[in-house]
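Visitor: Got a structure here, written out as structure tokens. Questions coming.
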Amino acid sequence: MGPLEGIVVADFSRVLAGPYATMMLADMGAQVIKIERPGVGDDTRSWAPPVNAQGMSTYFAGVNRNKKSVEIDLSTDEGREQARRIAAEADILVENFRPGTMQRMGLDYETLRQHNEGLIYASLSGFGSGKGADIGGYDLMVQAVGGLMSINGEEGHPVKVGVALVDVLTGLHMGMGILAALHSRTSSGKGQHIEINLLHTLLSSLANQASAFVGAGVIGKAMGNTHPSISPYQVFKTQEGDLAIAAGNDSLYHRTCRVLGLEEFIDDARFATNSDRVVHRAELAEIIEGALAQAGAQEWFQKLRAAGVPAGPVNNIKQAFEFAESLGLDPIVEVEGMRSVRNPINFSDTPIEYHTAPQQLGNPAFQ
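Numbering (the working numbering), first residue to last: 6 to 372.
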């Protein structure tokens, strides 16, 4: 039995951020009822190729397990009434329509709370419900206008992250807010309205880069695989393959030098402290790559690992899953014959359960 057993979620969201959050809740035992457009469903059902062995878009399948699906036409009075009945019995409602859409359908928080005082209502948008309400919230454009592209890739060539990272981060933040509101409800008996948007989430998730600007006026820039405040902390070429080394303090730098046979550079004035190494990053990188040219990434990984230095080869996704498997992490689960990525959370007493594969549209699972 999961930690959210007995909690009912009315999921009006689509694409990635909302469905990712509701899948996390479903994995933890909540009953998630996914409301989809008749004959069309979630946008990501058509985002293919690739498709899995069951012929389903892998994009959709990746964030919609453990859910029940119901087709409801929200453009009709009958459909909206059906949706209201579901919301009246729900503990949580998640939606990511354009701001104002749910209100026009009579499915907004103020309307629904009159019949369900304990409802936790989570609204997700691209740029908030105020002046940015008219701007569509797709991850690509948020990475662009939110500054992430400007610090990703090589200088002068902005590049998006290879996954819709802002959506995932927003889903995680929204899930945290929902769980906090659930806890608050245990004492107050009342639900509340949670609002979250992609831009706010990205700005918060810029972490040290955002803090550098807010606190010191420093505008970050793209630096490839190097780091603005740590060295050596980047990707290096080896005799065979690329290797990431993350020597985040003096001790790790000293260990790296010993493994690579570069002991003479431990006390070199140019590299004595992290700040010195950041200033002389290019010189240090050239020295390290010269040493790494004597062997391949896998061999150096094993040697650095034995010395306690955070380092590893640059894997493709297949290799990444194989690496996780080699560590006994079992990253893949099978749900009703469909392969899925394991939830990363492990509970000692209320484990994650995988009981329902993503459903085909039109499956009469919810009556």
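By construction, the Cβ of each residue, glycine as well, lies at the ideal position given by its N, Cα and C atoms.
Owing to the predicted nature of the structure, the values given are computational and were not obtained by experimental measurement.
#1: Are the Cβ atoms of residue 166 and residue 234 separated by less than 9 Å?
#2: In whole angstroms, what is the alpha-carbon distance linking residue 175 and residue 61?
#3: Among residues of its own chain, excluding the 5 on either side of residue 159, which ones have a beta-carbon nearer than 7 Å to its beta-carbon?
#4: So, for residue 140: in the same chain, excluding its five sequence neighbours on each side, which residues have a beta-carbon less than 6 Å away from its beta-carbon?
#5: Helix, strand or coil for residue 369 per DSSP?
#6: In chain order, which continuous runs of the alpha helix (DSSP H) of length 4 or greater are located wholly inside the stretch 140-186?
#7: On the CB-based measure, 16 or more other CB atoms within 10 Å of its CB, does residue 72 come out buried or exposed?
#8: When we look at the beta-carbon of residue 278 and count the other beta-carbons within 10 Å, is it buried (16 or more) or exposed?
#9: Over the uninterrupted alpha helix (DSSP H) stretch that includes residue 91, give me the two end residues.
#10: Looking only at C-alpha atoms, which of 251, 253, 101 sits nearest to residue 199?
#11: Per DSSP, residue 248 is paired with what?
#12: Any contact of the stretch 31-50 with the stretch 185-195, i.e. 3+ C-beta pairs under 8 Å?
#13: If you follow the alpha helix (DSSP H) that residue 353 is part of, which residue opens it and which one closes it?
#14: Would you call the stretch 242-255 and the stretch 293-313 touching, i.e. three or more CB-CB distances under 8 Å?
#15: Roughly how many angstroms lie between the CA atoms of residue 367 and residue 241, to the nearest whole one?
#16: Mapping the DSSP letters down to three states, classify residue 232 as helix, strand or coil.
#17: What is the DSSP secondary structure of residue 138, reduced to helix, strand or coil?
#18: Do residue 22 and residue 179 have their beta-carbon atoms positioned less than 9 Å apart in this structure?
#19: Give me, in chain order, the residues of the same chain whose beta-carbon lies closer than 8 Å to that of residue 93; leave out the 5 immediate sequence neighbours on both sides.
#20: Flag this pair as yes or no: are the beta carbons of residue 209 and residue 215 separated by less than 9 Å?
#21: To the nearest angstrom, how far is the alpha carbon of residue 177 from that of residue 271?
#22: Using three-state DSSP, classify residue 364 as helix, strand or coil.
#23: Could you please give me the residues that DSSP links to residue 198 through a beta bridge?
#24: Where do the N-terminal and C-terminal ends of the beta strand (DSSP E) with residue 343 fall, by residue?
Guide: The short version:
#1: Taking the first residue of the sequence shown as 1, we reach residue 166 at position 161. Taking the first residue of the sequence shown as 1, we reach residue 234 at position 229. The criterion of a C-beta distance shorter than 9 Å is not satisfied by residue 166 and residue 234.
#2: Mapped onto the sequence shown, residue 175 falls at position 170. Mapped onto the sequence shown, residue 61 falls at position 56. When rounded, the separation of the alpha-carbon atoms in residue 175 and residue 61 is 25 Å.
#3: For this step, residue 159 is matched to residue 154 along the sequence shown. Hits under 7 Å: 227, 229.
#4: Residue mapping note: residue 140 aligns to position 135 of the sequence shown, counting from 1. Once the five neighbours on either side are set aside, the close Cβ partners of residue 140 are 131, 132.
#5: If you number the sequence shown from 1, residue 369 lands on position 364. Reliability of the predicted coordinates at residue 369 is poor, the pLDDT of 49 falling under 50, and no value is obtained from them.
#6: Listed in chain order, they are 144-150.
#7: Reading the sequence shown from its first residue, position 67 is the one you call residue 72. Buried.
#8: What you label residue 278 is simply residue 273 of the sequence shown in a count that begins at 1. Exposed is the call here.
#9: Taking the first residue of the sequence shown as 1, we reach residue 91 at position 86. Residues 82-93.
#10: Taking the sequence shown and counting its residues from 1, one reaches residue 199 at position 194. Of the listed residues, the one whose Cα sits closest to residue 199 is 101.
#11: Numbered from its first residue, the sequence shown carries residue 248 at position 243. Its beta-bridge partners are 241, 318.
#12: No contact exists between the stretch 31-50 and the stretch 185-195.
#13: Mapped onto the sequence shown, residue 353 falls at position 348. From DSSP, residue 353 is part of no alpha helix (DSSP H); its letter is neither H nor E.
#14: Between the stretch 242-255 and the stretch 293-313, the count of C-beta pairs closer than 8 Å reaches three or more; the two stretches touch.
#15: On the sequence shown, residue 367 is found 362 positions in, with the first residue counted as 1. On the sequence shown, residue 241 is found 236 positions in, with the first residue counted as 1. Straight-line measurement puts the Cα of residue 241 at about 51 Å from the Cα of residue 367.
#16: Indexing the sequence shown from 1 puts residue 232 at position 227. Residue 232 falls in the coil class under three-state DSSP.
#17: For this step, residue 138 is matched to residue 133 along the sequence shown. Coil at residue 138, not helix or strand.
#18: In the sequence shown, the residue the question calls residue 179 occupies position 174. In the sequence shown, the residue the question calls residue 22 occupies position 17. Yes.
#19: Translated into positions along the sequence shown, residue 93 becomes position 88. So the qualifying residues of the chain are 117, 120, 121.
#20: As a working note, residue 209 is residue 204 in the sequence shown. As a working note, residue 215 is residue 210 in the sequence shown. Yes, these two residues count as a Cβ contact at 9 Å.
#21: Looking up residue 177 in the sequence shown gives position 172. Looking up residue 271 in the sequence shown gives position 266. Taking the straight line joining both Cα atoms gives about 41 Å.
#22: Position 359 of the sequence shown, counted from the start, is the residue given in the question as residue 364. Residue 364 falls in the coil class under three-state DSSP.
#23: Numbered from 1 along the sequence shown, position 193 holds the residue referred to as residue 198. Residue 198 pairs with 126.
#24: The residue you call residue 343 lines up with position 338 of the sequence shown. It spans 343-346 - the beta strand (DSSP E) in which residue 343 sits, taken as one unbroken run.
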